[in-house]
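First residue of the sequence shown: 625, per the numbering used here; consecutive thereafter. A virtual CB, placed ideally from N, CA and C, is assigned to each residue, including glycine. The structure appears right after this line, and notes come after that.
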Amino acid sequence: MSQDSIPVERRLLLESISDYLAQLGEEGLEGIPFEAPPADARAAAAHAEPFVPAPSAAPARHHQPVAEAGPELFSIYPGLEKTRTLEELRQFIGDCKRCKLAASRTNLVFGVGNPQAELMFVGEGPGADEDERGEPFVGRAGQLLTDIIERGMRMRRREVYICNVVKCRPPGNRNPEPDEVAACEPFLMRQIDLVRPKIIVGLGTFAVQSLLKVKTPISKLRGRWQEVRGIRMMPTFHPAYLLRNPGDKRLVWADIQEVMKALGKEIPSRKS
Ligand code: SF4
């Protein structure tokens, strides 16, 4: 049966189910048959292959502003708005126990990189490796992010700034809960204000949905410019998702090319 012969309502329903399952798959739910990568791709992912940019001609995107959070965001933590550097912000956060994630963390994972970075990556929250080392994106997904930055973008990891929506690891790598995000969000917003990057890259469903306050699946949001606190934000897939779905690296590369264009960087024309 061709796509055209499926009634519109049924096609929309199928697309909606497909998006939902894709989102669940990205969040790590097992047993979603049509999202599972082929055996050879899984084998490749198991070896954490480095990110190699694939050539693609991404269409031009349009700027889509989204309402930003106002200064009242900081009102739950008086004095937060007075922090003037990342060091001051880190001191303000201190040995934070402002949400229940504090109870199970090993290290608070604040962020790493250039305090005046043009480019900022925002992920969801620390995983086991990050919790252990106190640094964001240091496990297999972190290595892939480093490959995207260094082999794909031809930048140094230390040139960019990397952080997460929540600073403490959710137990069992579950998604952060709304009260935890609400407690930690002012810190991320202050981090964004202080670094003031030219471009933010939102990594994965949870980070992007938290930044934009929407429930739209990442499959619909990726590749389309958004705006967070007056800064252009490109949503794309999380590196952990790419480890499970290496075929989608070409989509991330298309998004990264848009970011490079916005930063005025030359796009490599050949695989490296
Ligand atoms: S997740 Fe954020 S608000 Fe919660 S304890 Fe950690 S730093 Fe504090």
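Asked	Found
Integer Cβ distance of Cys723 from Glu804, believed to fall under 8 Å	5 Å
Nearest residue (CA-CA) to Arg846, options Gln767, Leu836 and Gln740	Leu836
Tyr785, enclosing beta strand (DSSP E) - first and last residue	Tyr785 to Asn788
Cβ pair Ile823, Arg856 closer than 7 Å	yes
Any heavy atom of the ligand SF4 nearer than 7 Å to the CB - residues listed	Ile717, Cys720, Lys721, Arg722, Cys723, Leu725, Ala726, Arg729, Leu732, Val790, Lys791, Cys792, Glu804, Ala807, Cys808 and Phe811
Stretch pair the stretch 747-755 + the stretch 788-803: three plus CB contacts closer than 8 Å	yes
Proximity winner among Glu890, Gly828 and Gln833, relative to Asp872 (alpha-carbon distances)	Gly828
Cβ pair count under 8 Å reaching 3, the stretch 779-786 against the stretch 731-746	yes
Own chain, CB closer than 6 Å to Pro800, minus 5 neighbours either side, in chain order	Gly749, Val790 and Pro794
Own chain, CB closer than 6 Å to Phe830, minus 5 neighbours either side, in chain order	Glu748 and Asn799
Span separating the alpha-carbon of Pro892 from that of Glu882	13 Å
Alpha carbon of Arg781 to alpha carbon of Pro739, nearest angstrom	12 Å
Span of the alpha helix (DSSP H) around Pro810	Pro802 to Val819
Same chain, Cβ closer than 8 Å to Ile717, neighbours up to 5 away in sequence not counted	Leu732, Phe734, Lys791 and Phe811
Helix, strand or coil at Arg856 [DSSP, three-state]	strand
Whether Ala886 touches Val819 by CB criterion (7 Å)	no
Three-state class that DSSP yields for Pro657 in the structure shown	With a pLDDT of 33 at Pro657, under the threshold of 50, the predicted position of this residue should be treated as unreliable, and no value is reported.
Endpoints, alpha helix (DSSP H) assigned at Val832	Gly828 to Leu836
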